[in-house]
Amino acid sequence: MKRKVYVILTAAGKGERFSKASKLKKPKQFIRLLGKPVILHSLLLFQKCKYVDGIFVTSGREYFEYIHSLAASGRIIKLSGLVEGGKTRFESVRNAFLEIKGNPYDLVLIHDAARPNINIDMVNDIIKAAMRSGEVIYGSKVSETVKRSKNGFVTETLNRKNLWFVQTPQVFRHDVLKSAYKKSGKKNDFTDESGMVERAGNRVKLMEGSKENIKITSASDITLLKKLMK
Ligand code: C5P
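In terms of the numbering used here, the sequence shown opens at residue -1 and continues consecutively.
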């Protein structure tokens, strides 16, 4: 049986910090960037990716109609479900995962809608790597010195040699994610799914991605992305 690949594109953040600072009313994943809403950049890419079978998008209910119309105008025929998000990113992704009726060896690719600067090679490469070795995440090596602090004073300088900044996409086997969710129980303070999968005792492969795969956090990220994605 062919292994299916499902995408969870998480877009349920309210982006209050970003909206306040940038004076834009919409959450960052819906503002326009180079002629289209930020989320549409990733939707079009996953639609185009030959490995992807279905796309589940999380958002607030008030955006369901808007996303439907975006999908219709962009011919995103792989859109398989709109799922209401939760209070945290972790809860939003879990809500979407519960909607996927996958087989154990199917793959689930999780991506932040607020990271529009990905390309088809990156997506194909991580899916192919996951087909070979299971759990795979993108990251970039830390190139600055990192310190731990207490009350504003340095307590430790970390060895950066083995430190990574972690990004999305992240890809997991369906059964591995399912049992990691089960094992994690009520614990829900993970900042990414890899954290939960690691804690459940699985090996996660790190793949070096691009430092330009930035997550929109402030208005200056939009200016930077416009230059990078032109
Ligand atoms: O808030 P942060 O920048 O970490 O958000 C990363 C991604 O997670 C964004 O695409 C955002 O829409 C999503 N998110 C979510 N549900 C939340 C909070 C954030 O899907 N409750």
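Just so you know, even glycine gets a beta-carbon here, dropped at the ideal spot from N, CA and C. Owing to the predicted nature of the structure, the values given are computational and were not obtained by experimental measurement.
Residue i in three-state terms, based on DSSP
| i | result |
| --- | --- |
| Met205 | strand |
| Arg1 | coil |
| Val50 | coil |
| Ile220 | helix |
| Ser57 | strand |
| Glu133 | coil |
| Arg15 | helix |
| Glu283 | Residue 283 lies beyond the range of the chain shown here (-1 to 228); nothing can be said about it. |
| Ser141 | coil |
| Leu42 | helix |
| Lys34 | strand |
| Ile6 | strand |
| Lys24 | coil |
| Lys148 | strand |
Cβ-Cβ separation, residue j to residue i (assumed contact under 8 Å), whole Å
| i | j | result |
| --- | --- | --- |
| Asp104 | Tyr4 | 7 Å |
| Val55 | Leu77 | 7 Å |
| Ile125 | Val169 | 6 Å |
| Val36 | Gln45 | Not a contact, Cβ separation roughly 16 Å. |
| Leu246 | Ile53 | Since the displayed the chain opens at -1 and closes at 228, residue 246 lies outside it and no answer follows. |
| Gly207 | Met129 | Contact flag wrong, Cβ pair sits at about 18 Å. |
| Ile266 | Val91 | Summary: the structure shown does not reach residue 266, with the chain confined to residues -1 through 228, and so no result is reported for it. |
| Val140 | Arg113 | Not quite, the Cβ-Cβ distance comes to about 18 Å (not below 8 Å), so this is no contact. |
Do the stretch 183 to 203 and the stretch 131 to 140 touch if we need at least three Cβ pairs shorter than 8 Å? yes
Unbroken beta strand (DSSP E) runs of length 3 or more, entirely within the stretch 158 to 208: which are they? 162 to 171 and 203 to 206
Under 8 Å, with one C-beta from each stretch per pair, do the stretch 7 to 21 and the stretch 82 to 91 reach the 3-pair mark? yes
Of all the alpha helix (DSSP H) runs that stay within the bounds of the stretch 69 to 107, which reach a length of 4 or more residues? 87 to 95
Check whether the stretch 155 to 169 and the stretch 203 to 213 are in contact - that is, three or more C-beta pairs closer than 8 Å. yes
Are three or more beta carbon pairs between the stretch 139 to 149 and the stretch 63 to 74 nearer than 8 Å? no
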